[in-house]
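Single-structure report; data block below.
Protein chains: 2
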Amino acid sequence: MTLDVADLVARARDGQARAIARLISLVEDAHPRLREVAAALTPFTGRAQIVGLTGPPGVGKSTSTSALLTALRKQGKRVGVLAIDPSSPFSGGALLGDRIRMTEHAVDPGVFIRSMATRGHLGGLAWATPQAVRVLDAAGFDVVLIETVGVGQSEVDVVKLADTTVVLLAPGMGDGIQAAKAGVLEIADLFVVNKADREGADATIHDLKQMISLSRREIRGPSWRQPILPTVASRGEGVDDVVKALEEHHAWLSSHGELAQRRAARARSEVEAIALRILRAELVDVRGDRLAELASAVVERTLDPYAAADRLVADLHG
Amino acid sequence: MTLDVADLVARARDGQARAIARLISLVEDAHPRLREVAAALTPFTGRAQIVGLTGPPGVGKSTSTSALLTALRKQGKRVGVLAIDPSSPFSGGALLGDRIRMTEHAVDPGVFIRSMATRGHLGGLAWATPQAVRVLDAAGFDVVLIETVGVGQSEVDVVKLADTTVVLLAPGMGDGIQAAKAGVLEIADLFVVNKADREGADATIHDLKQMISLSRREIRGPSWRQPILPTVASRGEGVDDVVKALEEHHAWLSSHGELAQRRAARARSEVEAIALRILRAELVDVRGDRLAELASAVVERTLDPYAAADRLVADLHG
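Protein chains in written order, with the numbering used here: chain A, 1 to 318; chain B, 1001 to 1318.
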């Protein structure tokens, strides 16, 4: 089948889910005409609000995403969701998105949901996800929601991609929050305490407040106050407040020059990740024999791995 | 303080824990004289059996590591442990190693334990861990045990580093094992079912046996049969059998040419990771201004990120 990139982009912008899905697949699979795709998308990017949603397992991320979709749709906003699965052989894979896909939103043309497994990707989220975000941005979604489970490196990567990062917590994680400390504070633009009807919700909110008031003096300026919003996502309670807070944060970002700064940082790491991918392909594909030869010398202990890497890089520079 | 690399390596080989710790720190921090360190270590490497230990949270990895240490020490083997923590803002950090360090092994000169947090490292385990393994190998440990919690990418990376990979499971993870499927089978050289005195242990072992017998026909040759070993690590039960299975697997690897093959693959990915690190430093440090300039063009939509990355790479080669 001939690939008509311009037509595909036009159809994606027309809201056709299949065209959007195809574009994301082209990006994920590093299609040979990826550069053409990237160039065709670019004029239409830069409009969406990009929201990251993360939190430890069990806080109700899928339910919260679904409730947030409902609330955003009520306002007429089109929403694209990327459910990032840092898939593990122990967890299976692509769990988050599949669960959501089953819900009421599956047939809503104003919603597009896609799961992406990071396993096997160089640098996990770093490379493919920003490109998928660009697809959804160019397709005209008002909000792009990147959902990931908070394990390992993925939630840190999500922060780098998002304009606004929502950290989801739940009662009964008392120790978890204590342990989390500064890490969570650094990444959260707003906190949502889900399952707020459960015992311990007040304590969780109280702990968070204390952590924030301590940290604000130390690591943050006074101008953005990280809100703490209680929700019961399964009943949609409190979710409108989250939507409101997202708007407020976006407005704050824009008026304080932070949006431009975050987007510049994002573009920087995006370009860097692609450049590294190109260089890696050169090392492995083009210089594969040389790499194997140098690796043999390392096994035989006639070269140490640094000396071997130096030679490989020198070869590359030519 | 002047750094005398040769003296440091000599003291590490003499079993001095402080020298070993210092060498690993030099490696982790990418000390300017890293190349000298790598070269000094190389003649003494290639002797240790490198064992990876992974499994989902809650299966008793720290207890199992501790029990394995006791069993290996009984045989007079010196053991170095790297406890890899794919630290998350939600889990704090460096939990595994700290817990072990508190135990009986802390004062045993035949044991060295170190935790490494992967957060913030480019490619997580890919770069710093192999270098730390080389330190322990060169220091003369008979076994280097790399322990990591099975979330995200880390357990896959561990497999790439280890001669032998042990996957730890526990009863009551029924669904987990079902979900895990081929992923776990691909990475495990041997299975340990810990907490084998608990209800459901027989079912877990049964499930594993079925998975293995199915997969052997499909994805494995007949020559290595992944053993399934029940343990109660908290009481040291079954752990000697694990040690025996580790020896058997090592012997099998050696006699089937697999050891050389795995070590060649490891050297290859090690050299590749270091080369990528060098190239990344060139992009970010040396060409940082150019990267910022190109990133601005991406934000302004005058360039797409691929075109920007192509220019950056061309500059680097140029």
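Don't be surprised by glycine CBs; every beta carbon is placed ideally from N, CA and C.
Could you name the residues of the same chain whose beta carbon sits closer than 8 angstroms to that of residue 1051/B, not counting the 5 residues immediately before and after it, in chain order? 1143, 1144, 1145, 1146, 1162, 1163, 1164, 1165, 1166, 1246
In chain B, what lies closer than 9 angstroms to residue 29/A by C-beta? Ordered by position in chain B, no residue passes the 9 angstroms Cβ test against residue 29/A, which lies about 15 angstroms from the chain.
May I ask which residues mark the beginning and end of the alpha helix (DSSP H) holding residue 1271/B? 1258-1281
Counting C-beta neighbours from all protein chains within 10 Å, is the total for residue 131/A 16 or more, i.e. buried, or is it exposed? buried
Who are the Cβ neighbours of residue 1049/B in its own chain at under 8 angstroms, not counting the five residues just before and after it? 1142, 1143, 1144, 1163, 1164, 1246, 1250
For a test of the three-state rule: what should DSSP assign to residue 147/A, helix, strand or coil? strand
Residue-chain proximity (residue 1274/B, chain A), Cβ-Cβ < 8 angstroms: yes
Are there 16 or more other CB atoms within 10 angstroms of the CB of residue 1301/B, so buried, or fewer, so exposed? exposed
Length of the line joining the Cα atoms of residue 1208/B and residue 1201/B: 11 angstroms
Is residue 120/A helix, strand or coil by DSSP? The predicted position of residue 120/A is uncertain, since its pLDDT is 47 and thus under 50; no value can be drawn from it.
Measuring alpha carbon to alpha carbon, tell me which of 1316/B, 1240/B, 1105/B ends up nearest residue 1285/B. 1316/B
At least one CB of chain A closer than 8 angstroms to the CB of residue 1199/B: is that the case? no
Between the beta-carbon of residue 229/A and the beta-carbon of residue 242/A, is there less than 8 angstroms? yes
Considering only C-alpha positions, which residue in the set 264/A, 5/A, 265/A, 309/A is nearest to residue 1275/B? 309/A
For residue 109/A, three-class secondary structure by DSSP: coil
Contact criterion: CB-CB distance below 8 angstroms. Does residue 1268/B meet it with respect to chain A? yes
Can residue 1034/B and residue 306/A be called in contact, C-beta distance under 8 angstroms? Yes, Cβ-Cβ distance for residue 1034/B and residue 306/A is below 8 angstroms.
Interface partners of residue 1263/B on chain A, CB under 7 angstroms: 299
Measuring CB to CB, does residue 196/A end up less than 8 angstroms from residue 231/A? yes
Helix, strand or coil for residue 136/A? Go by DSSP, reduced to three states. helix
Give a yes or no on whether 8 angstroms exceeds the smallest Cβ distance from residue 1305/B to chain A. Put simply, the CB of residue 1305/B is near chain A, with a gap under 8 angstroms to one of its CB atoms.
Tell me which residues share the same chain as residue 1028/B and place their Cβ nearer than 6 angstroms to its Cβ, disregarding the 5 neighbours each side in the sequence. 1128
Give a yes or no on whether the minimum CB-CB distance between residue 97/A and chain B is below 8 angstroms. Note that residue 97/A scores 47 on pLDDT, short of 50, meaning its location in the model is unreliable; the coordinates nonetheless yield the value given after this. Not an interface residue.
What residues in the segment 279-290 of chain A bring their beta carbon closer than 7 angstroms to a beta carbon of chain B? 279, 280, 283, 284
Chain A residues whose Cβ lies nearer than 7 angstroms to that of residue 1046/B: 301
Looking at the structure shown, is residue 199/A part of a helix, part of a strand, or coil, going by DSSP? Note: residue 199/A maps to coil in three-state DSSP.
Measure the alpha-carbon distance for residue 204/A versus residue 57/A and round it to whole angstroms. 16 angstroms
Beta-carbon neighbours of residue 1038/B, restricted to chain A and to distances below 9 angstroms: 304, 305, 306, 307
Cα-Cα separation, residue 1045/B to residue 1137/B: 5 angstroms
So residue 158/A and residue 70/A are in contact, right, with Cβ under 8 angstroms, and what is the actual spacing, rounded? The Cβ separation is near 22 angstroms, so there is no contact.
So which residues of chain B does residue 34/A contact, with C-beta pairs closer than 9 angstroms? 1306
Using beta-carbon positions only, say whether residue 271/A and residue 1294/B come within less than 8 angstroms of one another. With respect to residue 1294/B, residue 271/A sits close: the two C-beta atoms are nearer than 8 angstroms.
In the structure shown, what three-state DSSP assignment does residue 1191/B receive? strand
For residue 1239/B versus residue 1169/B, is the C-beta distance shorter than 8 angstroms? The Cβ-Cβ distance between residue 1239/B and residue 1169/B does not fall below 8 angstroms.
Would you give the residue range spanned by the alpha helix (DSSP H) that residue 1051/B belongs to? Unbroken run through residue 1051/B is the beta strand (DSSP E), 1049-1055; no alpha helix (DSSP H).
Strictly under 8 angstroms for the Cβ-Cβ distance: is residue 295/A near chain B by that measure? Output row for residue 295/A: interface = yes.
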